[in-house]
Amino acid sequence: MNFRTISDRPVEPLQLVELEMQRLVERPVPLALYVGDLGEGLPDSWLDMAALRTLLLHPSVGFQARGAVWVRLLHLTRAGGQAGEDWRAATCAMALPGLWRIAGRMRREVPELAVEVQQVMLAGFWEALTSLRERAHAMTAPGTIPASLCWAADRAARTFRNQETGHIRRTAELGEQETQQAAAPNPEAVLELAIGQGVLSRDTAELIARTRLEGMPVRVLAEQRGCTPESLGMKRRRAEVKLAEAIRSGRLDCTATVDLMTER
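Numbering-wise (our numbering), the sequence shown opens with residue 1136 and increments by one.
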């Protein structure tokens, strides 16, 4: 696939998504969503997609309100014609903070496959979106939608990386371990399980989800919450230690997430 170029460098797939978002926001009638009926912390107004993405990163917007926004976005991606294409592009752009985090890690591991990895990530994202929107309205925790979509993109990227580099050929012991990990619940499901079993509070689980899965820097969230990055980082670390201990002790059957929670 050929990409447009900026300063003689090819524009990467995720950059194209951001450029499309800019087009949708800067056109004469910006693509906008009414959010006044979706929950606490949301204004009684229409918001263009860039403003909405910024708002959803603010801690004043609750977990359920963010989930309600994502449910509406997923519903709008069903539309046909140009309107449907616009909403699908905008919905993907809403998840770019998390997608860029995944792409950055993959770039460090396989820099020669950066463009291909991003293509695979987007394919995984869209496959998950198509499946998820069929049951989004019935979800008890719709706030996990962006993390679910990013996790699908991450899983697709890892699979592609393994296939291309031969990492999938490991010793029988490691191969067995990967099989066990592949069958484990995904991270957002584990966080919900941890909340339900009293391992984590809703607040600390959301801290992990927003900084680990959705890609928000700790310093940004700390500024929004009115605390220092150091204190918030310590809070996250304590929560992750509790989660890892619960996993290793067998209280939570979710070994696939231990590696995720120890990434930097």
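Beta carbons are placed, not taken as given, at the ideal position from N, Cα and C, and that holds for glycine.
Legend entry - Span of the alpha helix (DSSP H), counted from its first residue to its last, around D1179: D1179 -> no alpha helix (DSSP H), and no H or E assigned at all.
Inset, instruction - Hey, could you find the ends of the beta strand (DSSP E) A1167 is sitting in? - result: A1167 to Y1169
Inset, instruction - Tell me where the alpha helix (DSSP H) around N1297 begins and ends. - result: I1280 to T1300
Inset, instruction - Verify the CB distance criterion: does R1162 have a CB-CB separation below 8 Å to chain C? - result: Absent from the structure: chain C. Only one protein chain is present.
Legend entry - Outcome for C1285 when other beta-carbon atoms lying within 10 angstroms are tallied against a minimum of 16: buried
Legend entry - Under the three-state DSSP convention, the category S1384 falls into: coil
Legend entry - Validate contact between the segment 1147-1163 and the segment 1205-1225 using beta carbons, cut 8 Å, 3 pairs: yes
Legend entry - Exposure label - A1218; buried when at least 16 CB within 10 Å: exposed
Inset, instruction - Just the C-alpha distance for G1239 and D1172, rounded to the nearest angstrom, thanks. - result: 36 Å
Legend entry - Alpha carbon of G1216 to alpha carbon of A1381, nearest angstrom: 48 Å
Legend entry - Reduced DSSP category for T1363 - H, G, I as helix; E, B as strand; rest coil: coil
Inset, instruction - Figure out for me which residue from M1274, D1289 and R1337 has the closest Cα to the Cα of P1232. - result: D1289
Legend entry - Spatial neighbours of V1206 in its chain, beta-carbon cut-off 8 Å, leaving aside the 5 residues before and after: A1271, H1272, M1274, P1277 and I1280
Inset, instruction - Give me the Cα-Cα distance between G1174 and H1193, rounded to the nearest whole angstrom. - result: 14 Å
Legend entry - Backbone CA spacing between R1296 and Q1254 [nearest angstrom]: 12 Å
Inset, instruction - State the start and end residues of the unbroken alpha helix (DSSP H) segment that holds V1152. - result: P1148 to E1161
Legend entry - T1339 - DSSP class collapsed to helix/strand/coil: helix
Inset, instruction - Alpha carbon to alpha carbon, how far is R1293 from G1259? Give it in angstroms, no decimals. - result: 11 Å
Inset, instruction - Within 10 angstroms of the Cβ of T1306, are there 16 or more other Cβ atoms? Answer buried if so, exposed if not. - result: Its pLDDT being 44, under 50, T1306 is placed unreliably by the model, and nothing is read from it.
Inset, instruction - From the DSSP output, in three-state form, read off S1195 for me. - result: coil
Inset, instruction - Would you check if the segment 1325-1335 and the segment 1358-1365 touch, i.e. whether three or more CB-CB distances between them fall below 8 Å? - result: no
Legend entry - Neighbourhood of T1346 by C-beta, 8 Å cutoff - its chain only, sequence neighbours within 5 removed: P1352, V1353, L1356 and R1371
Inset, instruction - Determine the closest residue to L1387 out of G1333, L1187 and E1299, with distance taken between C-alpha atoms. - result: G1333
Legend entry - L1154 vs V1170 beta-carbon contact at 8 Å: no
Legend entry - Contact belief for L1264 with L1209 at Cβ below 8 Å, rounded distance in angstroms: 7 Å
Inset, instruction - Would you grab the beta carbon distance between V1250 and P1148 for me? Rounded to a whole angstrom, and I think it's under 8 Å. - result: 7 Å
Inset, instruction - Please report how far the alpha carbon of G1385 lies from the alpha carbon of N1321, in whole angstroms. - result: 16 Å
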